């Protein structure tokens with residue numbers, strides 16, 4: 001395999017001559033001790049390996065200029081981009097073959113090794129990945145290894161581009177984006193995901209600011225509460241709630257509960273098993289204690305991962321089949337509302353906190369074509385009051401706070417087809433006690449009124465029965481395959497929500513660029529965007545963010561308006 005190893009500035013002109021007409025460049029990097037050693041660049045034919053240890057600032061300036069007007073194609077580009085950004089190198093557009101592989105879903109694993117084997121039948125030896133990339137002189141095998149990665153990415157790109165463009169979904173406004181134009185990419189979900197790779201890299205680099213004192217205060221508070229609850233439990237039941245063996249004996253012998261056994265023959269007392277008996281007082285206390293223990297572990301993990309005054313979580317761009325993101329080390333997407341005050345904007349900054357109002361219901365109503373629900377949204381009604389008035393048979397203005405709370409459980413539960421028994425349990429999470437008989441009556445009247453949901457659920461059940469799977473796509477065109485009823489009704493709604501959130505962030509970024517303003521997206525939670533900016537620009541950023549989210553809503557939802565709530569606060573709290 002031919003490649004050119006570039007170690008002197010005079011030879012950069014040859015690289016430029018070879019690549020200047022290319023709309024996109026195939027790219028990979030090799031790093032040593034948090035510094036880029038090699039940047040591999042490939043055109044349609046030539047491959048160049050730039051040694052930044054030798055080229056120094058001249059090489060960085062060359063890359064900064066070259067890539068600012070070109071697309072780059074690489075595998076797991078989030079990794080490379082974070083390094084490139086730290087050198088002030090920002091590509092014009094990106095196409096990530098790992099994201100493409102995830103979107104196509106032909107394999108379970110998406111490393112370059114696995115993907116190359118699956119699509120090209122090519123064995124990639126990754127042994128050299130861990131070799132010493134910081135040594136003064138790199139060996140021939142190392143350089144060949146570096147060049148091969150770029151060749152493999154190039155071969156994969158043409159396969160993936162063709163496959164992704166086979167989707168019949170098109171979205172006019174997305175075809176005008178740089179991602180679509182540079183790579184001739186037509187698939188709307190792929191356009192959003194490829195553009196979003198850069199946003200994910202920035203999100204990880206931005207981190208999220210922490211108030212260390214508040215964190216310490218919350219941690220001590222939770223530890224004190226847990227200690228009291230554990231002591232109360234021990235006095236009351238004479239056992240240690242932290243001992244699975246003692247808990248198992250208490251529940252089966254004293255309370256005569258019929259609990260399943262583990263593979264080793266012990267009584268199973270894990271949360272999944274116990275949650276089915278959540279209404280039992282002793283189990284309710286146990287789950288409460290375990291929940292508090294998890295909160296303490298979460299706060300301790302955040303504390304351990306503080307660097308400076310921020311934590312820097314990892315984000316998986318496609319963390320689920322639905323396209324939803326996942327966060328880890330630490331997970332900052334599942335922070336309970338009462339603990340969010342530990343996140344505080346830096347001095348002189350504030351948070352702009354925005355979320356979509358009742359977005360799952362808006363998406364669901366359009367997805368199933370439920371005209372009555374769509375009409376209510378178009379009229380600007382509060383859907384929870386509206387639904388409560390239907391099953392209670394009273395005017396919307398007479399609905400009490402508690403009745404509206406019940407309707408929230410009804411709406412969010414029944415669009416996904418939960419049973420009457422499921423509704424009883426689900427209502428408890430909203431602080432509502434409901435008899436099975438009442439739940440059944442409410443369920444019947446919900447589906448009598450919103451008939452399209454019932455028809456959709458029946459259609460999905462028939463598909464699963466006949467074909468053992470249910471296939472479909474989100475409103476933007478993200479395909480999915482489901483094998484259970486809960487998944488089949490969840491995927492299109494949550495998936496459309498994920499598409500909407502990502503498109504909102506991209507449109508917000510475009511607004512910022514247009515206005516020449518700086519603001520950092522520091523967290524994303526399913527239907528919520530958290531931005532940090534200078535206090536003096538907060539009101540303007542608030543308007544830009546709202547405008548971007550409403551615009552994204554109009555692109556994806558054609559029949560129902562979206563509503564956005566935006567707050568400004570120095571902590572991650574809405575009041």
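Residue numbers (our numbering): 1 to 575.
Beta carbons: idealized from backbone N, C-alpha and C, even for Gly.
What you are looking at is a predicted structure, and each value in this text was computed from that prediction instead of being measured.
Spatial neighbours of residue 498 in its chain, beta-carbon cut-off 6 Å, leaving aside the 5 residues before and after: 322, 323 and 324
Beta-carbon separation (whole angstroms), residue 6 vs residue 51, contact threshold 8 Å: 7 Å
Three-state secondary structure assigned by DSSP to residue 534: strand
Range covered by the alpha helix (DSSP H) that runs through residue 97: 97–104
Residues sharing a beta bridge with residue 480, DSSP: 472
Beta-carbon contacts of residue 282 that lie in its chain and below 8 Å, excluding the five residues immediately before and after: 237, 250, 251 and 255
Three-state secondary structure (DSSP) of residue 92: coil
Whether residue 209 touches residue 132 by CB criterion (7 Å): no
Neighbourhood of residue 85 by C-beta, 8 Å cutoff - its chain only, sequence neighbours within 5 removed: 201, 202 and 205
Span of the alpha helix (DSSP H) around residue 32: Not the alpha helix (DSSP H): residue 32 falls in the beta strand (DSSP E), residues 24–32.
Identified DSSP bridge partners for residue 40: 28 and 49
Three-state secondary structure (DSSP) of residue 523: strand
Rounded separation between residue 173 and residue 555 - CA only: 8 Å
Burial state of residue 166, where buried means 16 or more other Cβ atoms lie within 10 Å: exposed
Residue interval of the beta strand (DSSP E) (run including residue 353): 349–356
Burial state of residue 371, where buried means 16 or more other Cβ atoms lie within 10 Å: exposed
According to DSSP, residues forming a beta bridge with residue 209: 310
Selection from 414, 378 and 500 that minimises the alpha carbon distance to residue 526: 500
Buried or exposed (CB count within 10 angstroms, at least 16 for buried), residue 137: exposed
Minimum C-alpha distance to residue 257 - residue among 305, 528, 234 and 273: 273
Sequence-distant residues of the same chain with beta carbon closer than 8 Å to residue 107, five excluded per side: 101, 114, 115 and 118
Cut-off 8 Å between Cβ atoms - residues of its own chain near residue 300, not counting five sequence neighbours on either side: 219
Which of helix, strand or coil DSSP assigns to residue 166: coil
Under the three-state DSSP convention, the category residue 264 falls into: coil
Per DSSP, cross-strand counterpart(s) of residue 571: 344
Given 8 Å, three or more beta-carbon pairs between the stretch 349–365 and the stretch 373–389: yes
Segment contact flag, the stretch 279–298 with the stretch 232–248, C-beta cutoff 8 Å, min 3 pairs: yes
Residue 78 classed as buried or exposed, judged by whether at least 16 other C-beta atoms fall within 10 angstroms: buried
Coil, strand or helix - residue 563 by DSSP: coil
Beta-carbon contacts of residue 541 that lie in its chain and below 6 Å, excluding the five residues immediately before and after: 352, 519 and 533
C-beta contact flag for residue 387 and residue 407 at 7 Å: yes
Spatially closest choice to residue 193 from 477, 490 and 442, by CA coordinates: 477
Burial state of residue 168 (16 or more Cβ within 10 Å): exposed
Limits of the unbroken beta strand (DSSP E) element including residue 5: 4–6
Nonlocal neighbours in the same chain, by C-beta distance under 6 Å from residue 528, ignoring five residues either side: 355
Simplified DSSP state of residue 368, which is helix, strand or coil: helix
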